[in-house]
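So the protein lines, in turn, are chains A, B, C and D.
Quick note on numbering: our numbering labels position 204 of the first sequence as 1523, and the sequence is numbered without any gaps.
Quick note on numbering: our numbering labels position 175 of the second sequence as 1494, and the sequence is numbered without any gaps.
Quick note on numbering: our numbering labels position 259 of the third sequence as 1578, and the sequence is numbered without any gaps.
Quick note on numbering: our numbering labels position 208 of the fourth sequence as 1527, and the sequence is numbered without any gaps.
Even glycine gets a Cβ: it sits at the ideal position worked out from N, Cα and C.
What follows is a set of notes on a single structure, which appears directly below.
4 protein chains.
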Amino acid sequence: MRVTDDAPARSSFKRRLHTIIFEADTPAGKVFDIALLISIVASVVAVCLESVEEYRAQYGRELIFIEWIFTVGFTAEYALRLYCVDKPMRYARSFYGVVDLLSILPTYLSLMFAGTQSLLVIRALRLLRIFRIFKAAQFLAESQLLAMAISASKRKIMVFLGVVTTLIIILGTMMYLVEGGQGGGFTSIPTSIYWAIVTMTTVGYGDIAPVTVLGKFLAAVAMITGYSVIAVPTGIVSVEMARAAQKTGFEVSTQACPSCSLEGHDTDALHCKYCGAAMHPPQEG
Amino acid sequence: MRVTDDAPARSSFKRRLHTIIFEADTPAGKVFDIALLISIVASVVAVCLESVEEYRAQYGRELIFIEWIFTVGFTAEYALRLYCVDKPMRYARSFYGVVDLLSILPTYLSLMFAGTQSLLVIRALRLLRIFRIFKAAQFLAESQLLAMAISASKRKIMVFLGVVTTLIIILGTMMYLVEGGQGGGFTSIPTSIYWAIVTMTTVGYGDIAPVTVLGKFLAAVAMITGYSVIAVPTGIVSVEMARAAQKTGFEVSTQACPSCSLEGHDTDALHCKYCGAAMHPPQEG
Amino acid sequence: MRVTDDAPARSSFKRRLHTIIFEADTPAGKVFDIALLISIVASVVAVCLESVEEYRAQYGRELIFIEWIFTVGFTAEYALRLYCVDKPMRYARSFYGVVDLLSILPTYLSLMFAGTQSLLVIRALRLLRIFRIFKAAQFLAESQLLAMAISASKRKIMVFLGVVTTLIIILGTMMYLVEGGQGGGFTSIPTSIYWAIVTMTTVGYGDIAPVTVLGKFLAAVAMITGYSVIAVPTGIVSVEMARAAQKTGFEVSTQACPSCSLEGHDTDALHCKYCGAAMHPPQEG
Amino acid sequence: MRVTDDAPARSSFKRRLHTIIFEADTPAGKVFDIALLISIVASVVAVCLESVEEYRAQYGRELIFIEWIFTVGFTAEYALRLYCVDKPMRYARSFYGVVDLLSILPTYLSLMFAGTQSLLVIRALRLLRIFRIFKAAQFLAESQLLAMAISASKRKIMVFLGVVTTLIIILGTMMYLVEGGQGGGFTSIPTSIYWAIVTMTTVGYGDIAPVTVLGKFLAAVAMITGYSVIAVPTGIVSVEMARAAQKTGFEVSTQACPSCSLEGHDTDALHCKYCGAAMHPPQEG
């Protein structure tokens, strides 16, 4: 967080600053990014520690001091980011811009309202920048592939969750009718629905559990159903993942058409599917 | 639920009513569907809240009043649906027809029998209409794909569940023989089978847990088996999902080359990848 | 269990008996199989009920009587099976032969040793015959496909389980070193290994749980590892399932070679891969 | 562990010793490997038993004696391994070399520091040699396939775990803000994050569980998210597994047609499926 001290405003300096703060290609940019990540991890750890009773009792003063140092540092960094981009408003409204702002606000708010410091863990979101540091391009490709697969599965997952939610509401109510007032913890329909979710997702805390024979039977049916049903989203995502991998050229041929140079052909293609030119001109014969 | 007041019977009116109530294409139909969905959610929430001790104590009277309003509204809607379809009996016997009827009966039954109100959550099933509202066709395709994959997996899943059920019965009995009377909760074979289901599905409440060394060893074997076995339904569904996706033309075009009549082209193919002929002969030229 | 009364020994009678008892194609065979399945279910339920304290107290005498009736019936059935097959020893040593024998022994043993009745649930294994009744051939194909996929995954799953077991032993010991004597239940290495299995398989009873900070940290790492690792057997089985499906002609062409009539060709094959004959003789040109 | 007595140093003896100790092809080598594995299992079991209070009280002396016998045996084996390889340092620094050393150190350390014996379970890692004994080549191929798939999934899994970790930190903090001080066990942010991991991975101990309505609602959302999210690593590994299987020639032959040089033939193909030429020109005819 040494960066905060010197800030003379010249255009070439602005550009250099931009390279250091926003890129991770140059040595200086890499050093800055690593220092930033270490600061973020340290500040998140500090916030976590402060929430532990005994640490707060012993080191409360020091932890608040550290928190303010990080906040001032991040504030300076935020100001520099705003300063050195060409379109400050666009950055400020972007995902990382909003996260960067939210990462410093809670400390200032804590001057007015008590207990807002915990909100500082939103800084954890800043850690997602981590992928920029090492071999950014490759990680980007992987992220895009994952995002593609998840986005393609979205509607199917929604249909699936819609059906599952309805089943869970009805199962929860049935359990309430069967187990309500039996001492198993099924004190109301919302509680029973909560139990149904805990059970169908195989989390199974055990704070609520059926005690009657019929209740246990219903629960057993629900578990076996949930066990089979968990296969569905997995199947959806697997298929989309395979398709995404295919589309992004992992499984298709990497060969470009020699005529129109478009890519994405199947490996067994003899002719370009876009322009019809022969793909492998075989030794001119 | 304003719809209930005016009901003059003319054929064109009947048709317009049908469009509003059964379709979601027109603005009026969309408004009706959204209002209906909000009513259903609100009424399900009201039923849930009524089951909570403290809310019933404080707002019991109001909740019952709300329930009656919704019931009268849904009754009117049900009557209108029966009125405006051509074959009322066919609707009445359809899945949604039965659900619509079951959604209003419990309130009337509660006049005779106490405690039937909870059955009103069956209204949640009506929420499945939700997919009609936005981009119905796409969701329908996704639902059909899911249904196809699940239906194709049905027999395999049944074989699998048959084998697993047998294993669970035998495992439960072995645990009863080993752990029975040791204080771990394995008081009878049915209880032990219930434990086996809770364990094999990885729910793991912990209300029943082995205490002897042999029992823990058996449980460990069962868990590792269950852990490997959970892979089977997932594999089944994944494979069927991939196949269903292929069949419904999501992955490859079903179009054959007009020249060599080979198939298996991508959906974005302009030329046949085998002979190079144009795929979509544009405007007969 | 009416079959036990008449048993005159003639060859054609023997053959007819074989058809009834071992096949499910004829009406008589189907009736016999269904009656048998109902008897098996009823007898398993009776054994389960007998293990419940209160039922044994109230209906103990009746349940033992029922048990003897079923045992006598199954003994007669076993004798008839031995009688009407051509090679009785081969049946007796087959899987179902052994199961059939084990299904009747415990009742006789209970005359000498107390507490052996519970072993009668081994009768549940006889339920696997259920698939013979409806559309046997299709279920057989599905079972074979499942068996093929699981058998093909066997070695990979063994390698996987070998590595996971080693990890679990080391994790368990680490937790014992960290948590031993802290009151969380990690009283010995075997107990800690048991905990590691319960955790890695995501069962999570909660009877043993870490209480120290380092222990919780280790547990968290183990859980996230287990969460990622569960993907491996699923992946293995999915791939083998897809391959098995392909091999059994679900995804390959159903076309037989017109020359050598062998099957199993890829859908894009132009020539038979066994004899080299052209696959689609195109309009004799 | 008889091997320790005779060690005359001759080159041919050295070579023979190397064959016995490092290979599993010769009968002597196989016997040695099996004896070694049994010793390792026995010594790990002894260490486990020693950690159980009651066994230590009763057989403590004998167990320590056994431990020393195994340690002396393994030390001799380690010395022989160092002696009979050509490059001792390379072996000493290899994975198994380090494990072999770590497997004997704790016993010697226990002379100086109490409580180090438990570290002996590191011997479990030596069990991974087990795959050498039976059909080593096949298991090696399977292991490589698994390793390939996991290595190929590495980056995607890292991106996935990065995002999930961030979500877990934020979820944990939200639960701390909602449930902190309500008696559900959410006493600090680290504890809440631990709960979030326990819940998202569907382990669900139940030692910490939400008690407020909002907390339960958040938990339910987290569970359903975790339930859908578990599909992602499975999808990743499945796809990579399928790809690895393809690459290592399990599914298609790598042989090209000698006539048209097209590839992608099945392993049982006798003729090229594209041109019909014979695939394996038998005995030069």
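In the same chain as glycine 1491(B), and ignoring 5 residues on each side of it, the C-beta atoms closer than 7 Å to its own belong to Ile1508, Ser1511, Ile1512, Trp1514 and Ala1515, in chain order. One alpha carbon belongs to valine 1418(C), the other to threonine 1518(C), and they sit about 35 Å apart.
In the displayed model, glutamate 1342(D) falls within coil according to three-state DSSP, outside both helix and strand.
In terms of Cα proximity to serine 1331(A), the closest of Ala1365(A), Glu1373(A) and Cys1403(A) is Cys1403(A). Distance check between aspartate 1405(B) and each of Gly1502(B), Lys1535(B), Thr1338(B) and Ile1423(B) places Thr1338(B) closest, using alpha-carbon atoms only.
Chain B places a beta carbon closer than 8 Å to that of serine 1557(D), counting this residue as a contact. DSSP places leucine 1430(C) inside the alpha helix (DSSP H), whose first and last residues are 1424 to 1431.
Taking 8 Å as the threshold, the shortest C-beta distance from threonine 1553(D) to chain B falls below it.
When Cβ-Cβ separations below 8 Å define contact, serine 1470(D) makes no contact with chain A.
Taking 8 Å as the CB threshold, threonine 1521(B) lines the interface with chain D. The residue among Thr1484(C), Ile1549(C) and Ser1462(C) with its C-alpha nearest the C-alpha of threonine 1521(C) is Ile1549(C). Here alanine 1443(B) really is in contact with threonine 1485(A); their C-beta atoms are around 5 Å apart, less than 8 Å.
Residue environment for leucine 1430(B): exposed (fewer than 16 other C-beta atoms within 10 angstroms of its C-beta).
Cβ atoms of glycine 1503(A) and glycine 1534(A) come within 8 Å of each other, at about 7 Å. Shown here for tyrosine 1410(D): same chain residues with a beta carbon closer than 8 Å to its own, the five before and five after excluded, namely Arg1400, Leu1401, Val1404 and Gly1416 in chain order. Between the alpha carbons of glycine 1499(D) and serine 1437(A) lies a gap of roughly 11 Å. Interface with chain B (8 Å Cβ-Cβ cutoff): tyrosine 1513(C) is included. Under the three-state reduction of DSSP, glycine 1502(D) is assigned to coil, being neither helix nor strand. From the beta-carbon of isoleucine 1516(C), the residues of chain B found nearer than 7 Å are Ala1539, Met1542 and Ile1543. Here the alpha carbon of valine 1350(B) sits roughly 25 Å from the alpha carbon of lysine 1475(A). Per DSSP, serine 1413(C) lies in no alpha helix (DSSP H) segment and is marked neither H nor E. Taking 8 Å as the CB threshold, alanine 1528(B) lines the interface with chain C. Under the three-state reduction of DSSP, alanine 1561(C) is assigned to helix.
By the 16-neighbour rule on beta-carbons within 10 angstroms, serine 1470(D) is exposed. Residues of the stretch 1345 to 1368 of chain A with a Cβ closer than 9 Å to any Cβ of chain B: none. Around the beta carbon of isoleucine 1353(D), fewer than 16 other beta carbons lie within 10 angstroms, which makes this residue exposed. Cβ neighbours of glycine 1379(C) within its own chain (closer than 6 Å, five residues either side excluded): none. Relative to the Cα of isoleucine 1441(D), the nearest Cα in the group Val1497(D), Met1493(D), Ile1340(D) and Leu1420(D) belongs to Leu1420(D). The C-beta distance from tyrosine 1495(C) to serine 1370(D) rounds to 6 Å, short enough to fall under 8 Å.
Here alanine 1398(D) is exposed: its Cβ has fewer than 16 other Cβ atoms, across all protein chains shown, within 10 Å.
Against serine 1437(A), the close residues of chain D are Thr1492, Tyr1495, Leu1496 and Ile1508, in the order they occur along the chain (beta-carbon pairs closer than 7 Å). Against chain C, the beta carbon of serine 1413(D) has no neighbour under 8 Å; the closest one sits roughly 17 Å away.
The beta carbons of valine 1478(C) and leucine 1465(D) sit about 6 Å from each other, so the pair counts as a contact at 8 Å. Valine 1551(C) is a Cβ neighbour of valine 1556(D), given a cutoff of 8 Å. Only buried fits proline 1529(A), as 16 or more other CB atoms lie within 10 angstroms of its CB.
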